[in-house]
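J.: Taken in order, these protein sequences are the chains called V and C.
1 is the number of the first residue of the first sequence in the working numbering; add one for each residue after it.
1001 is the number of the first residue of the second sequence in the working numbering; add one for each residue after it.
Built from N, CA and C at the ideal position, the CB exists for glycine as well.
Just so you know, these numbers come straight off a predicted model, no measurement behind them.
First the structure, which I've put down as structure tokens, then a few questions once you've had a look.
Number of protein chains: 2
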Amino acid sequence: MKNAAVHYHFKSKEDLLAGILEAYVQEYQMMDKQLQASGWTALQKIEKFIERYSYLVACNSICIIGSVASDYNTLPESVKEKTTQLIELVMRLVEKTLQQGKKNGEFHFEETARTRALLIMTNLAAGVQLARISGKKDYASIKVALLKQLKG
Amino acid sequence: MKNAAVHYHFKSKEDLLAGILEAYVQEYQMMDKQLQASGWTALQKIEKFIERYSYLVACNSICIIGSVASDYNTLPESVKEKTTQLIELVMRLVEKTLQQGKKNGEFHFEETARTRALLIMTNLAAGVQLARISGKKDYASIKVALLKQLKG
DNA sequence: GGCAAAACTTACTACTTAGTAAGTTTTTTG
DNA sequence: CAAAAAACTTACTAAGTAGTAAGTTTTGCC
């Protein structure tokens, strides 16, 4: 596939990256609806969410937010906007699930649901990055510890 | 300053990046010695360590490991080596401090010290990245929650 | 099967980036 | 203060990157 083929679908590199991020936004909107509709427990929902990151580890890939984050200051505005949109979307998804889990006694944590969501998100995003450098075992222990913490 | 001035000190871009990472290695080796020599409590040591990340947030910068991590697969070997060296160094520093804190009853955690170190490192590294995107408050709550968790 | 829309490739251009050689300024030190 | 070493700048080159225009192939559909 040549670069001109990409330019047929996206008029610029900026547009391409914004498009990629938009695809992730849609993916997580889908996941959100799916989780809402399901009768799953909060634990099952969180596990489903974590699975997305485990998949990234499995194929030596990383979280799109992580790849964009380190260049954030030099990115064009359209890409910045899509990035914040994606982060807020994912954060709300996790936060909601944590709140549900706390209410029905599945999860136990002291901080606000948002803070807990921040801790989990940062563990996962950086964990995926670390997996490519220092090995997949590190990601595995993060994942285990994370779930254990939640269960109290 | 022109690019040729940089080439005077570092023969290639690869060399420059390896040099930057080496400077970080030396910085953290210094910090390690300093912490060893001090009669500080484990909490004081961890706080000193976290302060480094808070400083990055303050000047809108990010953790070097985070910046390198997203491009890791395409980096030259010399840079990869320095990166793993830096990560292992920082990990050992945190792990040691956590172990000390657990032994003398300052800290309370269930996982191994290494796993706990992983959780803290990922919280901080990704927290710093997030601070540039969704704001410094998020980093602040991560920092607070992190210390509270440790104290039990 | 034919034909129109969609999805490409080829071949090019303007611009950027990493790196070099040769010359100039600044700093150090006997 | 002089001269040599260190730290640059100027001016260039080769390679890479983003983007375009025009032509070709592939796909879906009556």
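(1) Starting from residue 65 (chain V), follow the alpha helix (DSSP H) in both directions and report where the run begins and ends.
(2) Could you work out which residues of chain C lie near residue 132 (chain V), taking near to mean beta carbons separated by less than 7 Å?
(3) Less than 8 Å between CB atoms is the rule here; does residue 126 (chain V) satisfy it with respect to chain C?
(4) Would you verify that the beta carbon of residue 1099 (chain C) is, or is not, closer than 8 Å to some beta carbon of chain V?
(5) By the 10 Å Cβ neighbour count, where 16 or more other Cβ atoms means buried, how is residue 129 (chain V) classified, buried or exposed?
(6) Can you pull the chain C neighbours of residue 123 (chain V), defined as C-beta to C-beta under 7 Å?
(7) I want to see whether chain C comes within less than 8 Å of residue 67 (chain V), judged by CB atoms only; does it?
(8) Count the other CB atoms, across all protein chains shown, that sit within 10 Å of the CB of residue 1070 (chain C); report buried if there are 16 or more and exposed otherwise.
(9) Provide the residue span of the alpha helix (DSSP H) that contains residue 19 (chain V), from first to last.
(10) Would you say residue 1020 (chain C) reaches chain V, if we count a Cβ-Cβ gap shorter than 8 Å as a contact?
(11) Cβ of residue 64 (chain V) within 8 Å of Cβ of residue 20 (chain V)?
(12) To the nearest angstrom, how far is the alpha carbon of residue 1100 (chain C) from that of residue 8 (chain V)?
(13) Helix, strand or coil, according to DSSP, for residue 1104 (chain C) in the structure here?
(14) At 4 residues or longer, what runs of the alpha helix (DSSP H) sit wholly inside the stretch 75–121 of chain V?
(15) Would residue 122 (chain V) be called buried (16 or more neighbouring beta carbons within 10 Å of its own) or exposed?
(16) Give me the Cα-Cα distance between residue 84 (chain V) and residue 1126 (chain C), rounded to the nearest whole angstrom.
(17) Under 8 Å, Cβ to Cβ, is there at least one residue of chain C near residue 54 (chain V)?
(18) Excluding the 5 residues flanking residue 24 (chain V) on each side, which residues of the same chain have their C-beta closer than 8 Å to its C-beta?
(19) Measuring only the C-alpha atoms, how far is residue 97 (chain V) from residue 150 (chain V)?
(20) So which of V:104, V:88, V:124 and V:142 has the shortest CA-CA distance to residue 49 (chain V)?
(21) Using CA coordinates, which residue listed in C:1040, C:1028 and C:1067 is at the minimum distance from residue 1052 (chain C)?
(22) Taking DSSP as the reference, what is the three-state secondary structure of residue 1060 (chain C)?
T.: The structure says:
(1) The residue given as residue 65 (chain V) occupies position 65 in the first sequence. Taken as a continuous stretch (DSSP letters only), the alpha helix (DSSP H) holding residue 65 (chain V) covers 64–69.
(2) Counting from one through the first sequence, the residue named residue 132 (chain V) turns up at place 132. Within 7 Å Cβ-Cβ: 1072 and 1073.
(3) What you label residue 126 (chain V) is simply residue 126 of the first sequence in a count that begins at 1. Yes, because at least one Cβ of chain C sits closer than 8 Å to the Cβ of residue 126 (chain V).
(4) Mapped onto the second sequence, residue 1099 (chain C) falls at position 99. Output row for residue 1099 (chain C): interface = no.
(5) Taking the first residue of the first sequence as 1, we reach residue 129 (chain V) at position 129. Under this definition residue 129 (chain V) is a buried residue.
(6) As a working note, residue 123 (chain V) is residue 123 in the first sequence. Going along chain C in sequence order, the residues near residue 123 (chain V) (Cβ under 7 Å) are 1119, 1122 and 1123.
(7) The count along the first sequence starts at 1 and reaches residue 67 (chain V) at position 67. Taking Cβ atoms only, chain C reaches closer than 8 Å to residue 67 (chain V), which makes this a yes.
(8) As a working mapping, residue 1070 (chain C) is identified with position 70 in the second sequence. With 16 or more Cβ atoms within 10 Å of its Cβ, residue 1070 (chain C) is classed as buried.
(9) As a first step, residue 19 (chain V) is located in the first sequence; it is residue number 19 there, counting from the start. 13–37 is the span of the alpha helix (DSSP H), which, as asked, contains residue 19 (chain V).
(10) Counting from one through the second sequence, the residue named residue 1020 (chain C) turns up at place 20. Judged by the 8 Å Cβ criterion, residue 1020 (chain C) is not in contact with chain V.
(11) Indexing the first sequence from 1 puts residue 64 (chain V) at position 64. Indexing the first sequence from 1 puts residue 20 (chain V) at position 20. Cβ distance < 8 Å, so residue 64 (chain V) and residue 20 (chain V) count as in contact.
(12) Indexing the second sequence from 1 puts residue 1100 (chain C) at position 100. Indexing the first sequence from 1 puts residue 8 (chain V) at position 8. Rounded to the nearest angstrom, the two C-alpha atoms are 59 Å apart.
(13) Numbered from its first residue, the second sequence carries residue 1104 (chain C) at position 104. Residue 1104 (chain C): coil per DSSP, three-state reduction.
(14) 77–103
(15) On the first sequence, position 122 is the one that residue 122 (chain V) refers to. Label assigned to residue 122 (chain V): buried.
(16) Locating residue 84 (chain V) in the first sequence gives position 84, where the first residue counts as 1. Locating residue 1126 (chain C) in the second sequence gives position 126, where the first residue counts as 1. Cα to Cα, residue 84 (chain V) sits roughly 15 Å from residue 1126 (chain C).
(17) Stepping through the first sequence from its first residue, residue 54 (chain V) is reached at position 54. Cβ-Cβ to chain C under 8 Å: no for residue 54 (chain V).
(18) Stepping through the first sequence from its first residue, residue 24 (chain V) is reached at position 24. Around residue 24 (chain V): 64 and 86.
(19) Looking up residue 97 (chain V) in the first sequence gives position 97. Looking up residue 150 (chain V) in the first sequence gives position 150. Their Cα atoms are separated by approximately 12 Å.
(20) Along the first sequence, one-based indexing puts residue 49 (chain V) at 49. Among V:104, V:88, V:124 and V:142, the Cα nearest to that of residue 49 (chain V) belongs to V:124.
(21) Numbered from 1 along the second sequence, position 52 holds the residue referred to as residue 1052 (chain C). Of C:1040, C:1028 and C:1067, the residue nearest in Cα terms is C:1028.
(22) To locate residue 1060 (chain C), count along the second sequence from 1; it is residue 60. It is coil, neither helix nor strand.
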